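J.: Residue numbers for the sequence shown follow my numbering, so the first one is 899 and each next one is one higher.
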Amino acid sequence: MKTKDTFTLGDFEINRLGFGTMRSTTGNGIWGDSLNKENAISVIRTAIENGVNFIDTADSYGPYTSELLVEEAVRPFKDNVLVATKGGAVKYKPGAVLANGHPYYLRTAIEGSLRRLQRETIDLYFLHRVDPNIPIEDSVGALAQFQKEGKIKHIGISNVTVEQFDRAQSVAKIDAVQNAFNYGDRRYEDVVKQTTDQNIAFIAHTPVAANQWDINALKAANEKGISVNQLSLKWLLDYAANVISIPGTSSQSHLMENLTSKNVHLETLNV
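#1: Could you please give the first and the last residue of the uninterrupted alpha helix (DSSP H) stretch that includes D1088?
#2: Taking 8 Å as the limit between beta carbons, can you name the residues of its chain near S1068, skipping five residues before and five after?
#3: Return the CA-CA distance between I1055 and I1142, expressed in angstroms with no decimal places.
#4: In whole angstroms, what is the alpha-carbon distance linking T963 and S932?
#5: Where do the N-terminal and C-terminal ends of the alpha helix (DSSP H) with L911 fall, by residue?
#6: Taking the alpha helix (DSSP H) that K1051 falls in, what are its first and last residues?
#7: Below 8 Å between beta carbons: does that hold for F905 and A1066?
#8: In the DSSP output, what is L1135 paired with across the bridge?
#9: From A1102 to F975, what distance separates their C-alpha atoms?
#10: Looking at C-alpha atoms only, which residue of G985, W929, K984 and L907 is the closest neighbour of A994?
#11: Could you tell me which residues DSSP puts in a beta bridge with K984?
#12: Output needed for T983: all residues of its chain with C-beta closer than 7 Å, excluding positions within five of it in sequence on either side, in chain order.
#13: Since A938 contacts F917 with CB under 8 Å, what's their CB separation in whole angstroms?
#14: List, from N- to C-terminal side, the alpha helix (DSSP H) runs of 4 residues or more that fit wholly inside the stretch 1056-1085.
#15: Could you give the distance in angstroms between the alpha-carbon of Y1086 and the alpha-carbon of N913?
#16: Could you give the C-beta distance for L1135 and T901, rounded to a whole number, given that I count them as a contact under 8 Å?
#17: Y1003: which of L1025, P992, E1018 and R1017 sits nearest, CA to CA?
#18: Who pairs with L1041 in a beta bridge, going by DSSP?
#19: Which partner residues of A1099 appear in the DSSP bridge assignment?
#20: Distance, Cα to Cα, L1157 vs D903?
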């Protein structure tokens, strides 16, 4: 199915192949500084120079180091790149995260992200995780207040069910949803459908289905020189016109491989 390469969010036209910074800008366990800061910055800038204009980060990546690195990487292109970040997930040791959706904490989080990203307004701000101890209406209501104050342009929610999505929409206009979604992981297909029906951006994190493709599809792709990454990303591009994928990498060659996935023709592989 042929879909557009871009999606319009407000007044911004997003290239639907974005860039996720969860691993490339932090150390092992998404903890600490990047293992190679100069390379991470270089890869992000190469992505932007090749048409990527949607960069995704979060205050819990590092924590904080990813936002600082993204700010430095994006600085020369600031007006031409939409930077999305997230708050409400507290990283307290490598690989360990707790949700905190209390409005007071979220205000602290948004102020920190504004400072680290050196912006007066964050283009797209996600509630990173739903706090089981705080009604999602309270958390999203806080984001709506920050939006009124000019700190957030667009509100997003992440890692949500349809029921949580509906509750969030009862208190604010939701402009984007970010959940895991790929060829092999379709747990949130009902969420994707709801965003598609409402023409709301769906940001697919963990977009590559590494070991879940049909063996015949893999064989056909291999014969045509098409990688699993390219298969996975093209499948998402073709899935629905509102789906934006955010593959991340620390490799220049893998980056360019990902960016050429839009040229893959899945119909020739019987996928």
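Where is the CB? At the ideal position from N, CA and C, for every residue including glycine. Please read these numbers as outputs of a predicted model, since none were measured by experiment.
T.: Taking the geometry as given:
#1: As a first step, residue 1088 is located in the sequence shown; it is residue number 190 there, counting from the start. D1088 -> alpha helix (DSSP H) spans E1087 to D1095.
#2: Here residue 1068 is taken as the residue at index 170 of the sequence shown, counted from 1. Counting only Cβ-Cβ distances below 8 Å, and skipping sequence neighbours, we find E1035.
#3: As a position in the sequence shown, residue 1055 is number 157, starting the count at 1. As a position in the sequence shown, residue 1142 is number 244, starting the count at 1. Approximately 15 Å between the Cα atoms of the pair.
#4: For this step, residue 963 is matched to residue 65 along the sequence shown. For this step, residue 932 is matched to residue 34 along the sequence shown. Rounded to whole angstroms, T963 to S932 spans 8 Å at the Cα level.
#5: Stepping through the sequence shown from its first residue, residue 911 is reached at position 13. Sequence inspection shows Glu at residue 911; the Leu mentioned does not correspond to that position. Note, E911: premise wrong, no alpha helix (DSSP H); beta strand (DSSP E) at F910 to N913.
#6: Residue 1051 sits at position 153 when you count from the first residue of the sequence shown. Run containing K1051: none in the alpha helix (DSSP H); it sits in the beta strand (DSSP E), I1050 to S1056.
#7: For this step, residue 905 is matched to residue 7 along the sequence shown. For this step, residue 1066 is matched to residue 168 along the sequence shown. No, the Cβ-Cβ distance between F905 and A1066 is not below 8 Å.
#8: In the sequence shown, the residue the question calls residue 1135 occupies position 237. Note: L1135 sits in no beta bridge, so no partner.
#9: Residue mapping note: residue 1102 aligns to position 204 of the sequence shown, counting from 1. Residue mapping note: residue 975 aligns to position 77 of the sequence shown, counting from 1. Their Cα atoms are separated by approximately 24 Å.
#10: Mapped onto the sequence shown, residue 994 falls at position 96. Comparing Cα-Cα distances from A994 to each of G985, W929, K984 and L907, the minimum goes to W929.
#11: Walking along the sequence shown from the start, residue 984 turns up at place 86. According to DSSP, which records beta bridges pairwise, K984 is partnered with F1024.
#12: For the purposes of this step, residue 983 is taken as residue 85 along the sequence shown, with counting starting at 1. Result list for T983: T955, A956, D957, E965, S1011, L1015, I1020 and Y1023, in chain order.
#13: Walking along the sequence shown from the start, residue 938 turns up at place 40. Walking along the sequence shown from the start, residue 917 turns up at place 19. Going by Cβ atoms, the distance from A938 to F917 rounds to 11 Å, so no, they are not a contact pair.
#14: 1060-1067
#15: Taking the first residue of the sequence shown as 1, we reach residue 1086 at position 188. Taking the first residue of the sequence shown as 1, we reach residue 913 at position 15. Each residue's alpha carbon lies about 22 Å from the other.
#16: Taking the first residue of the sequence shown as position 1, residue 1135 is located at position 237. Taking the first residue of the sequence shown as position 1, residue 901 is located at position 3. L1135 to T901, Cβ: 6 Å. Contact.
#17: Your numbering for residue 1003 matches position 105 in the sequence shown. Comparing Cα positions, the closest option is L1025.
#18: On the sequence shown, position 143 is the one that residue 1041 refers to. Its beta-bridge partners do not exist; DSSP assigns none.
#19: Locating residue 1099 in the sequence shown gives position 201, counting from the first residue. DSSP lists A1074 as partners of A1099.
#20: As a position in the sequence shown, residue 1157 is number 259, starting the count at 1. As a position in the sequence shown, residue 903 is number 5, starting the count at 1. Approximately 11 Å, taken between the alpha carbons.
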